[in-house]
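Trainee:
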């Protein structure tokens, strides 16, 4: 079996015990698995796990499977969670050899998040979350429906029709109408007479950006709610994302400052019907030119101070730049990057 073709699947995980919940609410989690070019990447998102500051317990992601009469298992690694019990961890793997013994990814069918004692090596594992992994297929390339994302409470809605319309528009631009088709010879002659315009691939990047925004909205309940601004002119609902590598923008400056401050914000503004009409990315930085991503050329031209900051953008008593976020907006209908303010 090979994993050349790109596939993407989601695995919803169900609580197995409430002993490791941080609050009186179910522990939740899901996996996003991507394979392609014989490489694999997995994102594990969890919510409401009990946090042990002294390392009494750690959480590990373990895959199980069967090969004949043999039980297979491989430990992908430990999960990282914050003091609120939420976490998002990325793993890389070889889908052709998951466990160093030649067993491929499709040989594993069960994913477990287990609590492992940090003090007693002989203490049994405590399964906290469990998910059944389905074999990927071509339909996984489509935007996942809300039914496929069962168990996830959507706090940000995203209209899948907007994404589909962008895809259809791209297809119409690339697909010639059959009734206007000409014989091959005539087309060659016409091509020699009229210079062809180079193909524009911007639609791919717009679609990729919309996909990221759509998935983030669907999994919004697994990210930390934040209220960073007192007078927020964007009208967005904000989520804090600590995995700065997932920032999908082509902006070296945004990636640099998100890495410096170890997070960025994602926001969505709903319209009258509750559907997202505009997305936002906010990168932390002071109100100084040196911390404006790419000097504003990548769209980060709007800045808002954090809640609790002194009036204005300067601390007058100390003459220090104020702290806040540089913000860029994304049109939810087209995927175009636009000014936020």
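Residue numbers (this note's numbering): 10 to 350. Just so it is clear, CB atoms sit at the ideal spot from N, CA and C, and this is done for glycine as well. Keep in mind the model is a prediction, meaning the values are calculated, not measured.
(1) Within the same chain, show all residues whose beta-carbon is closer than 8 Å to that of residue 352, passing over the 5 residues directly before and after it, in chain order.
(2) Can you list, in chain order, the residues of its chain whose CB lies under 6 Å from that of residue 42, leaving out five sequence neighbours each side?
(3) What number of angstroms, rounded off, separates the C-alpha of residue 190 from the C-alpha of residue 57?
(4) Please give me, in chain order, every unbroken run of the alpha helix (DSSP H) with length at least 4 that falls completely inside the region 210–285.
(5) What residues are listed by DSSP as bridge partners for residue 97?
(6) Taking the runs of the alpha helix (DSSP H) that are 4 residues or longer, which of them lie wholly in the region 104–129?
(7) Where do the N-terminal and C-terminal ends of the beta strand (DSSP E) with residue 87 fall, by residue?
(8) In this structure, how does DSSP classify residue 303 when only helix, strand and coil are distinguished?
(9) In whole angstroms, what is the alpha-carbon distance linking residue 217 and residue 241?
(10) Give the DSSP-derived three-state secondary structure of residue 25 in the structure shown.
(11) Quick check on the DSSP output: the beta strand (DSSP E) that includes residue 336 runs from which residue to which?
(12) In the DSSP assignment, what residue or residues form a beta bridge with residue 290?
(13) DSSP beta-bridge partners for residue 311?
(14) In the DSSP output, what is residue 48 paired with across the bridge?
(15) Does the region 303–312 come into contact with the region 274–287, if we say contact requires no fewer than three beta-carbon pairs (one atom in each stretch) closer than 8 Å?
(16) Is it right to say residue 236 is buried, meaning 16 or more other beta carbons lie within 10 angstroms of its own, or is it exposed?
(17) Do residue 77 and the ligand MN come close, with the Cβ less than 7 Å from some heavy atom?
(18) Return the chain-ordered list of same chain residues with a C-beta closer than 8 Å to the C-beta of residue 149, the five sequence neighbours on each side being excluded.
(19) Check whether the Cβ of residue 85 lies closer than 8 Å to any Cβ atom in chain B.
(20) Taking the alpha carbon of residue 211 as the point to measure from, which residue in 27, 345 and 28 has its own alpha carbon closest?
(21) Please name the residue or residues paired with residue 139 in a DSSP beta bridge.
(22) One question on the structure: do residue 222 and residue 288 come within less than 8 Å of each other, judged by their Cβ atoms?
(23) Between which two residues does the beta strand (DSSP E) harbouring residue 59 extend?
(24) By Cβ distance, which residues of its chain are closer than 7 Å to residue 266, with the 5 residues on each side in sequence left out?
(25) Here's a check: name, in chain order, each residue in its chain whose Cβ is nearer than 7 Å to the Cβ of residue 81, leaving out the five neighbours to either side.
(26) If you follow the beta strand (DSSP E) that residue 76 is part of, which residue opens it and which one closes it?
(27) Within 10 angstroms of its Cβ, does residue 246 collect 16 or more other Cβ (buried), or is it exposed?
(28) Roughly how many angstroms lie between the CA atoms of residue 259 and residue 53, to the nearest whole one?
Mentor: Quick answer:
(1) For residue 352 there is no data in the structure shown, the boundaries of the chain being 10 and 350.
(2) Residue numbering aside, residue 42 sits at position 33 when the chain shown is read from its first letter. 18 and 51.
(3) In the chain shown, the residue the question calls residue 190 occupies position 181. In the chain shown, the residue the question calls residue 57 occupies position 48. Because residue 190 carries a pLDDT of 46, less than 50, the predicted location of this residue cannot be relied on, and no value is offered for it.
(4) 211–227 and 261–270
(5) Along the chain shown, read from residue 1 onward, the residue named residue 97 stands at position 88. For residue 97, which the question treats as bridged, DSSP gives the partners 54.
(6) none
(7) Within the chain shown, the letter at position 78 stands for residue 87. Unbroken beta strand (DSSP E) run through residue 87: 79–87.
(8) To locate residue 303, count along the chain shown from 1; it is residue 294. DSSP places residue 303 in helix when its eight states are reduced to three.
(9) Taking the chain shown and counting its residues from 1, the one referred to as residue 217 is at position 208. Taking the chain shown and counting its residues from 1, the one referred to as residue 241 is at position 232. Going from the Cα of residue 217 to the Cα of residue 241 covers about 27 Å.
(10) Numbered from 1 along the chain shown, position 16 holds the residue referred to as residue 25. Coil, per DSSP.
(11) Numbered from its first residue, the chain shown carries residue 336 at position 327. That run of the beta strand (DSSP E) goes 332–340.
(12) On the chain shown, residue 290 is found 281 positions in, with the first residue counted as 1. DSSP output for residue 290 lists 275 and 337 as bridge partner(s).
(13) Position 302 of the chain shown, counting from 1, holds the residue named residue 311. Beta-bridge pairing links residue 311 to 336.
(14) For the purposes of this step, residue 48 is taken as the residue at position 39 of the chain shown. Looking at the DSSP assignment, residue 48 forms a beta bridge with 45.
(15) no
(16) Reading the chain shown from its first residue, position 227 is the one you call residue 236. Classification for residue 236: exposed.
(17) The ligand MN is absent from the structure shown, which contains no ligand whatsoever.
(18) As a first step, residue 149 must be located in the chain shown, where it is residue number 140. Because residue 149 carries a pLDDT of 40, less than 50, the predicted location of this residue cannot be relied on, and the following value inherits that uncertainty. Hits under 8 Å: 16, 17 and 18.
(19) Within the model displayed, chain B is absent; a lone protein chain is all it includes.
(20) Translated into the one-based positions of the chain shown, residue 211 becomes position 202. Nearest C-alpha to residue 211: 345.
(21) Residue numbering aside, residue 139 sits at position 130 when the chain shown is read from its first letter. Paired residues: 23 and 121.
(22) Walking along the chain shown from the start, residue 222 turns up at place 213. Walking along the chain shown from the start, residue 288 turns up at place 279. Yes, the pair counts as a contact, with Cβ atoms nearer than the cut-off.
(23) One-based indexing of the chain shown puts residue 59 at position 50. Per DSSP, residue 59 belongs to no beta strand (DSSP E) and is neither H nor E.
(24) Here residue 266 is taken as the residue at index 257 of the chain shown, counted from 1. 292, 293, 294, 300 and 302, listed in sequence order.
(25) Position 72 of the chain shown, counted from the start, is the residue given in the question as residue 81. 73, 74, 75, 108, 112, 116 and 117.
(26) Against the chain shown, residue 76 aligns to sequence position 67. Looking at the DSSP string, the run of the beta strand (DSSP E) that includes residue 76 is 66–76.
(27) As a first step, residue 246 is located in the chain shown; it is residue number 237 there, counting from the start. Label assigned to residue 246: buried.
(28) Numbered from 1 along the chain shown, position 250 holds the residue referred to as residue 259. Numbered from 1 along the chain shown, position 44 holds the residue referred to as residue 53. Their Cα atoms are separated by approximately 24 Å.
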